[in-house]
Amino acid sequence: MEKREQLYEGKAKKVFATDDPRFVIVSYKDDATALDGLKKGTIAGKGAVNNRMSNYLMQLLEKNGVRTHYVKELSDRETVVRKLKIVPLEVIIRNISAGHFAQRYGVEEGIVFPEPTIEFSYKNDDLHDPLLNAYHAFALGLATKEEMNWIKETSFKVNEVMKKYFASLGVTLVDFKLEYGKDEDGVLYLADEISPDTCRFWDAKTGEKLDKDRFRRDMGGVEAAYEEMMRRVFG
Ligand code: TMP
Ligand code: ASP
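The following block contains the structure:
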């Protein structure tokens, strides 16, 4: 497959056209933002960790019956994925209280929920990604009711597969964010990335944070945390 012109540059990735209109090439950067884009920086080696880890997880999910955009890893930082129209929703699954959940509801971090929760936010930088529910998404024409149901069921399934997998690596999956997209025929796929940028990972024994919260909260040891997650996944 031939790499063509750049189509888009986001906060953490660039997207390039290919000679096949069904596919694009994603290129992962080391750039990091947080706190609604106010905090900017780089995390050395992050692009490669996120690319490789995300590809591994997408393949694991495919094996478990989840349709994903993944096609082929080209290099440490570049991957061919299906070209999709992203549904402008961030889907967040939580197993344990942390981050905005803890802030919003005034509870400490670390409360293990009796069952996982789901929430949606509207991907819109000008509006700062406001929370919405499935009715709002339908009202705004972002997705049909059937699509919202599929997204919800798929996201909980992704959680079950990932929770079990990360537990086997001695990592607690606290919460994560997913995005979905549609192809030309309107078929939905899991899209974007699954990485320490988009998940909270806590060491199962020590509770040590092994994800982007170290960057968001200026905790230091950011690169080491990404490398540790890479080591757990790839040995
Ligand atoms: P939150 O507690 O800040 O809402 O984050 C929940 C999860 O979603 C956490 O694992 C980080 C991830 N996330 C993103 O990937 N992108 C975002 O823009 C936000 C706000 C959270
Ligand atoms: N929404 C954040 C940003 O400003 C990303 C994050 O905290 O993960 O880019």
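Mapping to numbering that gives the first Met the number 0: the sequence shown position 57 is 56, numbers consecutive. All C-beta atoms, glycine included, are put in the ideal place defined by N, C-alpha and C.
Inset, instruction - In the DSSP assignment, find the alpha helix (DSSP H) that holds residue 98 and state where it starts and stops. - result: 98-104
Legend entry - Proximal residues to residue 204 (C-beta, below 7 Å), its chain only, five neighbours per side dropped: 169
Inset, instruction - Within 10 angstroms of the Cβ of residue 110, are there 16 or more other Cβ atoms? Answer buried if so, exposed if not. - result: With fewer than 16 Cβ atoms within 10 Å of its Cβ, residue 110 is classed as exposed.
Inset, instruction - Under 8 Å by Cβ, that's how I've got residue 86 and residue 180 pegged, so tell me the actual separation to the nearest angstrom. - result: 6 Å
Inset, instruction - Ignore the nearest five residues each way along the sequence and tell me which others in residue 224's own chain have a CB closer than 6 Å to its CB. - result: 209, 213
Legend entry - residue 214 CB to nearest heavy atom of the ligand TMP below 7 Å: no
Legend entry - Whether residue 0 touches residue 79 by CB criterion (8 Å): yes
Inset, instruction - Please name the residue, chosen from 77, 73, 88, that lies closest to residue 124 on a Cα-to-Cα basis. - result: 88
Legend entry - Local Cβ density within 10 Å of residue 69, reported as buried at 16 or more and exposed below that: Residue 69 comes out buried.
Legend entry - CB contact flag (residue 270, residue 188, <8 Å): Residue 270 lies beyond the range of the chain shown here (0 to 234); nothing can be said about it.
Legend entry - CA-to-CA distance, residue 77 to residue 58, given in whole angstroms: 16 Å
Inset, instruction - Tell me whether residue 48 is buried or exposed, calling it buried when 16 or more other Cβ atoms sit within 10 Å of its Cβ. - result: buried
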